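K.L.:
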Amino acid sequence: MIIRQDICVGCGRCQPYCPTAAIRFEGDKSMIDQDVCYECSTCLRAAHCPVDAIAESPNVYDYPRALRRYFSDPSATHAATGIQGRGTEESKTNDVTLRVKEGEVGVAIEIGRPTLGMSILDIQRITRAIARAGVHKIEAHNPIHSMIANEATGDLKPEMLGERVLSAIIEINVKRDQLRGILRTLKEVAKEVDSVFCVDACTIVGPNLKIPEEVLESIRAEGYTWRPNAKINMGMGRAWE
Amino acid sequence: MTHSLHREGSMESLESEYVLFIYPARGFNYKGSAPKVRHNVELLYQAGPVNMIPTSLRRNMYSGVTNEEILDSITVEGTRVYSVFNSREKLKKSLLLLKEADEGISIMVSGVTDRVREIAAECGITPHMINLSLGIHGRTDRLAPADIREFTTMCGHGVVSPHLVKDMIRRVKTGKVSEWDGSVLLAEPCTCGIYNPCRSAELLREKAPLYTVDRW
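As you go down the protein sequences, you meet chains Z and G in turn. Letter 120 of the first sequence, counting from 1, is numbered 120 in the working numbering, and no numbers are missing. If you count the second sequence from 1, you need to add 1000 to reach the working numbering.
(1) For residue 1121 of chain G versus residue 208 of chain Z, is the C-beta spacing smaller than 8 Å?
(2) Do the segment 1073-1081 of chain G and the segment 1044-1061 of chain G touch if we need at least three Cβ pairs shorter than 8 Å?
(3) With H, G and I counted as helix, E and B as strand and the rest as coil, what does DSSP make of residue 102 of chain Z?
(4) Can you tell me the Cα-Cα spacing of residue 1024 of chain G and residue 237 of chain Z, whole angstroms?
(5) Less than 8 Å separating the beta-carbons of residue 165 of chain Z and residue 1140 of chain G?
(6) What residue range is occupied by the uninterrupted beta strand (DSSP E) comprising residue 189 of chain Z?
(7) Would you say residue 1192 of chain G lies against chain Z (beta-carbon separation less than 8 Å)?
(8) Could you name the residues of the segment 158-169 of chain Z whose beta carbon sits closer than 8 Å to any beta carbon of chain G, in the order they occur along the chain?
(9) Name, please, each residue of chain Z whose Cβ falls closer than 7 Å to the Cβ of residue 1011 of chain G.
(10) In chain order, what are the residue ranges of uninterrupted beta strand (DSSP E) at least 3 long that sit wholly in the segment 1-67 of chain Z?
(11) Quick one: does residue 1116 of chain G have its CB under 8 Å from some CB of chain Z?
(12) Between Z:111, Z:146, Z:149 and Z:153, which lies nearest to residue 1219 of chain G when the distance is taken from Cα to Cα?
(13) So, with DSSP's three-state summary, where would you put residue 1040 of chain G?
(14) What are the boundary residues of the alpha helix (DSSP H) that residue 1151 of chain G is part of?
(15) Classify residue 175 of chain Z: buried if its beta carbon has 16 or more other beta carbons within 10 angstroms, exposed otherwise.
(16) Would you list the one or two residues that DSSP bridges to residue 1170 of chain G?
(17) Is DSSP giving residue 1005 of chain G helix, strand or coil here?
(18) Any idea if residue 240 of chain Z is buried or exposed, counting beta-carbon neighbours within 10 angstroms, 16 or more meaning buried?
(19) Would you say residue 1086 of chain G faces chain Z, with C-beta separation under 8 Å as the test?
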């Protein structure tokens, strides 16, 4: 995003809207630090600049900078997946798709959340750690998949490494007995990254929303706890295509 | 992905709201989904959501858009809907209506697990899957303070800025804006439509006295 300096009146209204504090005064006008900007377009969409000085950067869709837009603007349709957002349907349609099956756990690593973002170099630290832990299949419908140069090592395409995104999601499926190993790996790599990630674990439940004890035991054994609130697929979908 | 399982706050506050998604599955029930999703949204209106966005419009309930415009936008196959309710009773009503309609589109609910379990049992619904939040890891020292995250985590995409929350606390504290109007402003950047302005207004009322302001 850019602020047209010939139009800006320096009211500063847009500045608090930026999730990454990329907008600041330069002299008596607001300007956007292009290194820091995630291209999420929140300033354009919500700040209501009184003189319409906020505009798209002319290079917003140039590769690889375009990654910032695809991963950071919730309303942008990702070029790699053709859908809005940076994840997939994941647990939300599992009652129909059965992508995560009985005996499996879907693990999602929500990168840069909440509201911090992450460099793609740090994302590579995570994909490499996951690969070292023996998981080489990142969900194919997730935009992260299109960024991988080498599935065996978890290396991402080198030209992307200088970019940063507000959020991204790494989605993998593991057998229940592999969950402990991957949780341990994530705890280790958390020490190496300069940002944050949230960890999700999806599992099919039993009657009355009973969570499989084997899953809970793995979570406890690796020193994790789970929040009292969760996202629950109510099991009301069906396939017809 | 709306990050709704990672909403932060006190138990009492978290128990006051439920996020509900209507989600067709690409390749499984996309074709022919639009009228079914539209019917489900008509049913949600009967239960009274406090915010809602269909992906076909991406404008929340407080943007000036009418209910009819929201419904009329749902003509695109695969349209997903994100909504939030501010009471257990409203969620239960919506689930009963959706169950009776049986349109076959996936429904997700985010909320306190024990409460959702109770509501599902009361509705005769058998949940299929749970997505557990195992917390935040890494440089948590770089995060906004926990009380600010109670606001920002209501927007899963992270586009409700901590700086905007702090600015809104200042504006409430200095009488520039009411808690409700401030919350509607905070909801605007969130294009997934699950920022809960009712809960936000409560939070502003609760937090404003705790902050000092450095400009009026």
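Glycine included, every Cβ here is placed at the ideal spot set by N, Cα and C. Only a predicted model underlies this, so the values are computations on that prediction, with no experimental measurement involved.
P.N.:
Looking at the coordinates:
(1) yes
(2) yes
(3) coil
(4) 8 Å
(5) no
(6) Premise fails: residue 189 of chain Z lies in the alpha helix (DSSP H), 179-189, not in any beta strand (DSSP E).
(7) yes
(8) 166, 167 and 169
(9) 228
(10) 23-26 and 29-32
(11) yes
(12) It is not possible to answer for residue 1219 of chain G, since the shown part of chain G is limited to 1001 through 1216.
(13) helix
(14) 1146-1152
(15) exposed
(16) None, per the DSSP bridge assignment.
(17) helix
(18) exposed
(19) no
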